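Residues -26 to -1, 1 to 310, numbered by mature numbering (1 follows the signal peptide of the UniProt record, and there is no 0), are exactly what the sequence shown covers, in order.
All C-beta atoms, glycine included, are put in the ideal place defined by N, C-alpha and C.
All values derive from a computational prediction rather than experimental measurement.
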Amino acid sequence: MLTQRRHLLAATAVSTVLAFGLVGCAGGDSDGKGSADNAAKAAAASSVEVEDNHGTQKVKLPAKSVVATDNRTFQTLSDWGVELSAAPVDLIAADNPYKTDKSIVNLGTHNEPDLEAVVAADPDLIINGQRFASYYKDFKKLAPDATIVELDPREGKPFDEELKRQVEGLGRIFGHEKDARKLIDDFDAAIARAKDAYDPKSSVIGVITSGGEINYAAPGTGRTVGPVFDILGLTPAIKTDGSGDHQGDDISVEAIAAAKPDLIIALDRDAAVSKGSSDSYVPANELLANSEALRNVPAVKNGNIMYFPQLTYVNEGIQTYTTFFNDLADKLEANA
């Protein structure tokens, strides 16, 4: 079972106070200097303030019972050793240790949530968002004493900046500012690599495969493929308004083929939820390779198809994008 002992939260709270001028007493750096004095001062640190999607939230430290519902946060919280009391375990990526942690109360899925289960967790902090964002008011009623923090990327804001804002907020809450900075630096470096390797003369189309179908993903919309166009400055092979739907938009495969993209970026939606559990699952690479309509498309003929990591659909955090951008840079650099 993942552990983040309560005394560790108290110990790390000092660095949080120093870095952000937060409520409570401040101490020295967490490098061992004056450790006894720091520990005493850390115990006095009572709260941290974080700006989220609803304003300023005051989080009591240390958080004794943490509930998280936002898929984008699970890898970060797991890597930082944060112990969860409850989460939508059904939506956690298979490679995340939370998935098999029997101590975590399962809140189900966003389609069939067990919201009342949060009461048993008795949380003092809920990291809410993404698929569970619509249940914000429900959590307010069910856990009136809990502080709810939502750092979901906000509509209309630059997606890359929103991912960084989310990680920064988590770093403040859990005393992992340096780790958050490292995640952001790695993310920015991956973006820079991909931008440098990309030739704006190359036209790009985004697709989402689901249920054996190839669906067009419009640039600048949606929550996964579309934002990549804006972040990297990709040249769309098709310009159209998108629905923002996670299953793709209503553009035919023939229309995609007619656009003759030089590069295709693809999200295999079902890879995260159906692989190994459904006989009807067809991987994205097979769908694209075997499509008669796409056979003569430059991206397909030249093997210029870039796939998001397998578990992206249930793990859309900053680490997933860092991996994708680095993988894309590798491919583009190899083709240069």
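Mind checking which residues open and close the alpha helix (DSSP H) that includes residue i?
i      : result
ALA303 : 292 to 309
ILE147 : 133 to 148
VAL274 : 272 to 275
ALA154 : 151 to 171
ALA232 : 227 to 233
SER39  : Where SER39 is concerned, there is no enclosing alpha helix (DSSP H), given that its DSSP letter is neither H nor E.
LEU262 : 258 to 263
GLY200 : 200 to 206
For residue i, report the span of its beta strand (DSSP E) as first-last.
i      : result
LEU237 : 237 to 242
LEU99  : 99 to 102
GLN31  : 29 to 34
ILE179 : 177 to 184
ILE188 : 187 to 191
ILE279 : 279 to 281
GLU23  : 21 to 26
SER59  : 58 to 61
I'd like the list of long-range same chain contacts for residue i, defined as Cβ closer than 7 Å, with 5 residues on each side in sequence excluded.
i           : result
ILE239      : VAL178, GLY180, VAL199, VAL202, MET280
HIS28       : GLU124
ILE122      : ILE100, ASN102, TYR110, PHE113, LYS114
GLY218      : Legend: pLDDT at GLY218 = 49, less than 50; position of this residue unreliable, value from coordinates given subsequently. The answer, listed in chain order, is THR195, GLY196.
ASP304      : none
residue 325 : Coverage of the chain is limited to positions -26 through 310, which leaves residue 325 absent and any answer about it impossible.
TYR83       : Per the sequence presented here, residue 83 reads as Thr, with Tyr not at that position. Once the five neighbours on either side are set aside, the close Cβ partners of THR83 are PRO62, ASP64, LEU65.
Whose C-alpha, out of the options, is nearest the C-alpha of residue i?
i      : options                        : result
GLU124 : ASP301, LYS115, GLU136, GLY130 : GLU136
TYR255 : HIS84, SER184, LEU306, ALA273  : SER184
VAL63  : TRP54, THR50, ASN45            : ASN45
ASP153 : GLU307, ALA168, TYR287, GLY55  : GLY55
THR297 : LEU58, ILE165, ASN270          : ILE165
ASP119 : ASP98, ASN309, PHE133, TYR190  : ASP98
ALA42  : ILE158, PRO272, TYR295, LYS73  : LYS73
ASP88  : LYS76, GLN49, PHE106, ASP26    : PHE106
VAL271 : ARG155, ALA68, ILE230          : ILE230
HIS150 : ASN264, ILE205, SER52          : SER52
Can you find the residues in the same chain that come closer than 8 Å, C-beta to C-beta, to residue i, ignoring five residues on each side of it along the sequence?
i      : result
THR47  : ILE101, GLY103, LEU125, GLN140, LEU144, GLY291
LEU262 : VAL181, THR183, ILE188, ILE238, ALA240, LEU268, VAL274, ILE279
Ignore the nearest five residues each way along the sequence and tell me which others in residue i's own chain have a CB closer than 6 Å to its CB.
i        : result
LEU302   : ALA168, MET280
GLU244   : Checking the sequence shown, residue 244 turns out to be Asp, not Glu. The answer, listed in chain order, is SER184, TYR255.
PRO287   : Just to set this straight, residue 287 is Tyr in the shown sequence, not Pro. The residues are ARG243, ALA246.
GLU307   : ALA171
ARG(-22) : Residue placement at ARG(-22) cannot be trusted, given a pLDDT of 41 that sits under 50; what the coordinates show is reported in the next sentence. Once the five neighbours on either side are set aside, ARG(-22) has no close Cβ partner at all.
PHE282   : LEU241, PHE298
ALA67    : LEU285, VAL288, ASN289
Are the beta-carbon atoms of residue i and residue j separated by less than 8 Å?
i      : j      : result
LYS34  : SER20  : yes
ILE147 : VAL274 : no
PRO235 : ALA211 : yes
ILE158 : LYS138 : yes
SER108 : VAL79  : no
THR214 : ALA192 : yes
Does the distance between the C-beta of residue i and the nearest non-hydrogen atom of the ligand HEM fall short of 7 Å?
i      : result
ALA232 : You won't find the ligand HEM in this model; it holds no ligand whatsoever.
Inside the segment 81 to 120 only - alpha helix (DSSP H) runs reaching at least 4 residues: 91 to 95, 110 to 116
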